[in-house]
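Every letter in the sequence shown is one number past the one before it in our numbering, and letter 14, counting from 1, is 18.
Notes follow the structure.
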Amino acid sequence: MKDRITITILWHDHRKPVSLSVKKSSLRKLAILLSLVLLFFISFKAWALWNYAERSKLLAQKEQLMQRVSGLEKEWKRLEEEKQKMETKKKAISELEKKLLDIQRYLMERGIKIGSSGAMGGSNAFKPAEIDSLETLELLAEETYKSLRSLPIGYPVSGSITSTFGLRKNPFGRGYEFHTGIDIETPQDTPVRATADGVVVLADSFGNYGGTIILKHPTGYSTLYAHLSRIEVHDGQHVKAGQIIGRVGSTGRSTGPHLHYEVILDNKALDPMKFLVWR
Numbered sequence: 005m006k007d008r009i010t011i012t013i014l015w016h017d018h019r020k021p022v023s024l025s026v027k028k029s030s031l032r033k034l035a036i037l038l039s040l041v042l043l044f045f046i047s048f049k050a051w052a053l054w055n056y057a058e059r060s061k062l063l064a065q066k067e068q069l070m071q072r073v074s075g076l077e078k079e080w081k082r083l084e085e086e087k088q089k090m091e092t093k094k095k096a097i098s099e100l101e102k103k104l105l106d107i108q109r110y111l112m113e114r115g116i117k118i119g120s121s122g123a124m125g126g127s128n129a130f131k132p133a134e135i136d137s138l139e140t141l142e143l144l145a146e147e148t149y150k151s152l153r154s155l156p157i158g159y160p161v162s163g164s165i166t167s168t169f170g171l172r173k174n175p176f177g178r179g180y181e182f183h184t185g186i187d188i189e190t191p192q193d194t195p196v197r198a199t200a201d202g203v204v205v206l207a208d209s210f211g212n213y214g215g216t217i218i219l220k221h222p223t224g225y226s227t228l229y230a231h232l233s234r235i236e237v238h239d240g241q242h243v244k245a246g247q248i249i250g251r252v253g254s255t256g257r258s259t260g261p262h263l264h265y266e267v268i269l270d271n272k273a274l275d276p277m278k279f280l281v282w283r
């Protein structure tokens with residue numbers, strides 16, 4: 005009996021006690037089994053907690069990565085928008101460059117020189133206010149180009165100036181007379197070109213001037229071309245700067261083939277020499 009253990013169960017309701025006799029070896033086996041079960045449970049619980057912690061850690065890392073990806077997508081979108089803006093600006097700058105080159109080319113064609121300060125008209129040139137946008141700069145260039153084309157600048161014909169503006173000796177008799185323009189000597193039928201964009205207000209014989217063309221320009225100036233042998237425009241016609249409008253002749257009160265050229269503002273004749281070349 006030494007290798008057995010007796011367990012007696014007593015009831016509160018005075019029932020007959022129950023006695024169990026268990027071998028010590030069986031009890032030890034039961035204890036070992038229960039210990040193994042408890043160890044397994046503890047191990048499983050520890051594994052479950054570790055797995056939960058790792059899963060939570062991975063989920064947090066995933067959330068961080070998703071936020072980074074979202075941030076990168078936003079940054080990529082912003083960079084694409086910036087790229088599109090830069091392309092648009094680049095295109096606009098290219099168009100502006102073309103306009104400025106048109107201005108430069110036009111000035112060269114009209115015989116206009118740039119002042120030593122690098123601006124048209126030298127140190128007295130117009131100095132625009134601060135440019136706050138590319139659009140403003142484009143508008144300025146466009147308006148400048150239109151204004152330049154509307155100014156009577158440059159030579160209407162190639163040749164030698166034989167008579168200037170102002171008081172001169174009368175070529176047809178005694179005394180002096182006031183010459184309201186300049187005379188440019190050049191061969192008969194040499195093409196005469198408009199010095200600015202404008203509209204024809206006179207294209208006909210005009211007293212001592214002979215064959216005459218008068219152009220009205222958007223800037224308020226008018227130009228007169230006289231002694232023409234042939235008139236190649238008509239009243240009301242719009243002409244462009246550099247366009248051929250007639251041919252040199254000796255009609256009217258003239259001593260030989262030449263062009264009499266006048267620049268007029270507010271019905272007052274101005275010295276055309278000031279409009280031939282800017283210095």
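Glycine is no exception: its CB is placed at the ideal position from the N, C-alpha and C atoms.
Given the structure is predicted, the values throughout are model-derived calculations rather than measurements.
Look at the alpha carbon of residue i and the alpha carbon of residue j, and state the distance between them as a whole number of angstroms.
i: ILE217; j: GLU189; result: 18 Å
i: SER258; j: HIS231; result: 7 Å
i: GLU142; j: GLU86; result: 21 Å
i: GLU101; j: GLU139; result: 13 Å
i: VAL204; j: ALA245; result: 12 Å
i: GLN267; j: GLU99; result: It is Val, not Gln, that sits at residue 267 in the sequence shown. The straight-line gap from Cα to Cα measures roughly 33 Å.
i: LYS103; j: THR148; result: 10 Å
i: ILE9; j: PHE44; result: 28 Å
i: SER60; j: MET70; result: 15 Å
i: ARG82; j: ALA96; result: 21 Å
i: ARG72; j: LEU42; result: 45 Å
i: ILE13; j: LEU34; result: 19 Å
i: GLN65; j: THR92; result: 40 Å
i: LYS117; j: ARG109; result: In this prediction, LYS117 scores a pLDDT of 49, lower than 50, which makes its location untrustworthy; no coordinate-derived value is stated.
i: LEU40; j: LYS49; result: 14 Å
i: GLY174; j: HIS264; result: Residue 174 is actually Asn in this sequence, not Gly. Spanning the two alpha carbons is a distance of roughly 15 Å.
i: VAL22; j: TRP15; result: 9 Å
Is it the case that the Cβ atoms of residue i and residue j are separated by a distance below 7 Å?
i: PHE169; j: ILE186; result: yes
i: ASP201; j: ARG153; result: yes
i: TYR225; j: LEU269; result: yes
i: GLY215; j: THR255; result: yes
i: ARG234; j: GLY250; result: yes
i: THR166; j: THR199; result: no
i: PRO160; j: VAL196; result: yes
i: VAL243; j: ALA207; result: no
i: GLN192; j: PRO261; result: yes
Would you identify the three-state DSSP class for residue i, choosing helix, strand or coil?
i: ARG19; result: coil
i: TYR229; result: strand
i: ASP106; result: helix
i: LEU14; result: coil
i: GLU243; result: Looking at the sequence provided, one finds Val at residue 243 rather than Glu. Strand at VAL243.
i: VAL267; result: strand
i: ARG234; result: strand
i: LEU40; result: helix
i: VAL73; result: helix
i: LEU219; result: strand
i: THR148; result: helix
i: ALA200; result: coil
i: THR259; result: coil
May I ask you to list the residues that DSSP assigns as paired with residue i?
i: LYS3; result: An answer regarding residue 3 cannot be provided, because it is not within the stretch 5 to 283 covered by the chain.
i: PHE182; result: LEU171
i: ARG251; result: PRO195, ARG234
i: LYS272; result: LEU269
i: GLU99; result: None, per the DSSP bridge assignment.
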